[in-house]
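Reading through the structure tokens given below for one structure.
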Amino acid sequence: MSTDRKGQVYWIVGAVIIMAYALIPVAWIISLSFKAGDDINNQRFLPTDWSWENYRIVFQSDLFTSALRNSIGISLIATAISVVLAMFAAYAVARLDFPGKKLLLSLALAITIFPIIAIATPLFNLWRTVGLYDTWLGLIIPYLSFSLPLSVYVLSAFFREIPWEMEQAAQVDGATPLQAFRKVIVPLAAPGVFTAAILTFFAIWNDFIFGITLTSSEAARPVPAALAFFSGASQFSQPTAPIAAASVIVTIPVVILVLLFQQKIVAGLTNGAVKG
Amino acid sequence: MSTTVPAAAGEVREEAARGGGGRDVDRRPRMTDRARKERNLGWLLAGPAFIVMLAVTAYPIANAVWYSLFDFRLTDPDGRSFVGLGNYGLILSDPLFWRQFGVTAGITVVTVAVEFVLGFALALVMHRALFLRKSVRTAILVPYGIITVVSAYAWQYAFTPAYGFVNPLFGTDLNWFGDTLPSLFVICLSEIWKTTPFMSLLLLAGLAQIPSTYIEAAKVDGATAWQRFRKVIVPNMKGAIMVALLFRTLDAFRIFDNVFVMTQGANGTETLSFLAYRQTITRVMIGLGSAVSVILAILVVLIAFLFIKGFKVNLAEQRGGS
Chain A
1 MSTDRKGQVY WIVGAVIIMA YALIPVAWII SLSFKAGDDI NNQRFLPTDW SWENYRIVFQ
61 SDLFTSALRN SIGISLIATA ISVVLAMFAA YAVARLDFPG KKLLLSLALA ITIFPIIAIA
121 TPLFNLWRTV GLYDTWLGLI IPYLSFSLPL SVYVLSAFFR EIPWEMEQAA QVDGATPLQA
181 FRKVIVPLAA PGVFTAAILT FFAIWNDFIF GITLTSSEAA RPVPAALAFF SGASQFSQPT
241 APIAAASVIV TIPVVILVLL FQQKIVAGLT NGAVKG
Chain B
277 MSTTVPAAAG EVREEAARGG GGRDVDRRPR MTDRARKERN LGWLLAGPAF IVMLAVTAYP
337 IANAVWYSLF DFRLTDPDGR SFVGLGNYGL ILSDPLFWRQ FGVTAGITVV TVAVEFVLGF
397 ALALVMHRAL FLRKSVRTAI LVPYGIITVV SAYAWQYAFT PAYGFVNPLF GTDLNWFGDT
457 LPSLFVICLS EIWKTTPFMS LLLLAGLAQI PSTYIEAAKV DGATAWQRFR KVIVPNMKGA
517 IMVALLFRTL DAFRIFDNVF VMTQGANGTE TLSFLAYRQT ITRVMIGLGS AVSVILAILV
577 VLIAFLFIKG FKVNLAEQRG GS
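Those protein sequence lines, which keep their order, are chains A and B. Numbered per my numbering, the first sequence spans residues 1 to 276. Numbered per my numbering, the second sequence spans residues 277 to 598.
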């Protein structure tokens, strides 16, 4: 089987190339974030002097710190609500037979393929009328609508693989369908719920269009939107390196989640989209 | 809040149904009662999600369609007048719109084609590499999870002549953001880098579903690696391929973030999503902008329809079958 071992060498080379492909742009933005002063213009990959200067600038900027606060708060709240709502809906989709199930899934699919920009414009008008423009709630509501299809897909895929005989057994033993759901299914479904939460969080954390169209100030502007409007420490300095530092900071939560839950994320993505 | 309400209501309903059922047991077959309870529970559980999904989409869509029929500028609300399909005529007869359509379609075709080839290679490596498999999956999830705006900055800065490392590396002094094609090239690179992992994971799931005996049998029959790929692997994962292509195509056609960050639509890099944004949010031409949004939505639905009909992608089957 020496050909197989030789084959493995090629696959390993391929694996190393893929890792380089995935990580070099990240390494570049990290390296850029440590360049201070004229070092930014050194046109090299690495800085000549490593400096924390840009991180200091970024954390002194109200625009960035408030954006970070907004992003974390809004993303967590929206993710939590979205996943709870999706949990109930996905249970119904995976387990129960009721008229309108097709309608629900069709609506979810329609939202998935609909261009967000087409919603953002009328929502911009509506939010200005009802006073939700530039507020947390004004972002949380559309985030819910647009993340629900994803969480419903991912969760119903997971729910289909749960051993349902256990639920029936609980019902035979006298539990109501709701009790069976709460006491038997929830513990079994917890890993799937968790995966859905991570994917939903990524999707919301990444949003840009709602962020720039539905906010105008530090009151609610989330990180991606703030990054695009970041102007540096003073109007005279180039914002490049501070933007790089801010980019690194907002990438840290993503990297941590990926490192901790690699397997769950892969399973969730592939189940939800292909099998679910 | 709203999530606890239906659960509690469900419990009350169950109790009532149970109590009622106990008194006159033989009134009707038990299954009907059960089916009715199931239906009620189904709607109680799915209802909140359904309402939330509909709430922020139905009204804005209707609103956009309505406003698209008016000549309406936010700064001049009194000058609002009904123009019927005038906005659509204006847009569709504007050569600039067709140019932007071309740019959007071009970005879509190029990125999806490259992502498909690259994504397939990635999926094959992840499927076959025994060592480093976990590290590779972790590594490619970083671009997947990263904020698109961050990806856009990383690529933009790498190619910016003043401080990027790319130009010295290749010994060129090309101003990448000075002309249409080089700008689009960098925009596509960022888009491809960020979204290929998603494509490859979908393809990997398809690959994993092919029984290894199929491939072994082909090998025994003397099929070359390319033949195995063409005749065994691809036909057996057609569903996964089509879903990956469909979702990425729809996504790429709506490209916005990369364009916004890198060029702001300058040098003829404006895409349809960006046009809709600029008309409504920047120029507050609500009527015209809404019409652009509606056209974009129709185009996206059309693409989805062509995929589903043309390539016989059965989404219901993909979604429904476990």
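The C-beta atom is built at its ideal place from N, Cα and C for all residues, glycine as well.
9 Å Cβ cutoff, residue i in contact with chain B
| i | result |
| --- | --- |
| V274 of chain A | With a pLDDT of only 49 at V274 of chain A, under 50, the local geometry of the prediction cannot be trusted, and no value is derived from it. |
| F98 of chain A | yes |
| S145 of chain A | yes |
| V254 of chain A | yes |
| Q43 of chain A | yes |
| L257 of chain A | yes |
| I212 of chain A | yes |
| A110 of chain A | yes |
| Q262 of chain A | yes |
| T135 of chain A | no |
| Y21 of chain A | yes |
| Y55 of chain A | no |
| P326 of chain A | Because residue 326 of chain A is not part of the residues shown, which for chain A are 1 to 276, the question remains open. |
| V306 of chain A | Shown here, chain A extends from 1 to 276; a query on residue 306 of chain A therefore has no answer. |
| P122 of chain A | yes |
| N70 of chain A | no |
| Q8 of chain A | yes |
Three-state secondary structure assigned by DSSP to residue i
| i | result |
| --- | --- |
| M513 of chain B | coil |
| S357 of chain B | strand |
| R349 of chain B | strand |
| S217 of chain A | coil |
| T436 of chain B | coil |
| D309 of chain B | helix |
| Q376 of chain B | helix |
| G323 of chain B | helix |
| T448 of chain B | coil |
| I265 of chain A | helix |
| Q485 of chain B | coil |
| F587 of chain B | coil |
| L406 of chain B | coil |
| F208 of chain A | coil |
| I422 of chain B | coil |
Beta-carbon spacing of residue i, residue j below 9 Å
| i | j | result |
| --- | --- | --- |
| L214 of chain A | L123 of chain A | yes |
| F453 of chain B | N443 of chain B | no |
| A92 of chain A | A322 of chain B | yes |
| W164 of chain A | R404 of chain B | no |
| M513 of chain B | F583 of chain B | no |
| L96 of chain A | G318 of chain B | yes |
| G395 of chain B | M329 of chain B | no |
| L578 of chain B | V388 of chain B | no |
| I18 of chain A | L417 of chain B | no |
| I557 of chain B | G563 of chain B | no |
| V152 of chain A | A244 of chain A | no |
| T308 of chain B | T525 of chain B | no |
| A397 of chain B | V537 of chain B | no |
| D134 of chain A | A226 of chain A | no |
| T333 of chain B | A110 of chain A | yes |
| N42 of chain A | T48 of chain A | yes |
| I422 of chain B | T79 of chain A | no |
| D533 of chain B | T424 of chain B | yes |
| L572 of chain B | I29 of chain A | no |
Chain A contact for residue i (CB, 9 Å cutoff)
| i | result |
| --- | --- |
| V496 of chain B | no |
| A326 of chain B | Strictly speaking, residue 326 of chain B in this sequence is Phe, with Ala absent from that position. By this cut-off, F326 of chain B is an interface position. |
| G565 of chain B | yes |
| N443 of chain B | yes |
| A549 of chain B | Inspection of the sequence shows that residue 549 of chain B is occupied by Ser rather than by Ala. Cβ-Cβ to chain A under 9 Å: yes for S549 of chain B. |
| E314 of chain B | yes |
| K585 of chain B | no |
| D352 of chain B | no |
| R304 of chain B | Per-residue confidence for R304 of chain B stands at a pLDDT of 48, beneath the threshold of 50, marking its modelled position as unreliable; no derived number is given. |
| T424 of chain B | yes |
| W431 of chain B | yes |
| T387 of chain B | no |
| R409 of chain B | yes |
DSSP beta-bridge partners of residue i
| i | result |
| --- | --- |
| M19 of chain A | For M19 of chain A, which the question treats as bridged, DSSP gives no partner whatsoever. |
| M561 of chain B | B:R349 |
Task: beta strand (DSSP E) runs wholly inside the segment 114–198 of chain A, at least 3 long, in chain order - done: none
Task: alpha helix (DSSP H) segments (min. 4 residues) lying fully within the segment 496–556 of chain B - done: 514–529, 533–538 and 548–553
- [ ] Scan the segment 44–96 of chain A and note each continuous alpha helix (DSSP H) run of 4 residues or more that stays entirely inside, going in chain order.
- [x] 53–60 and 62–95
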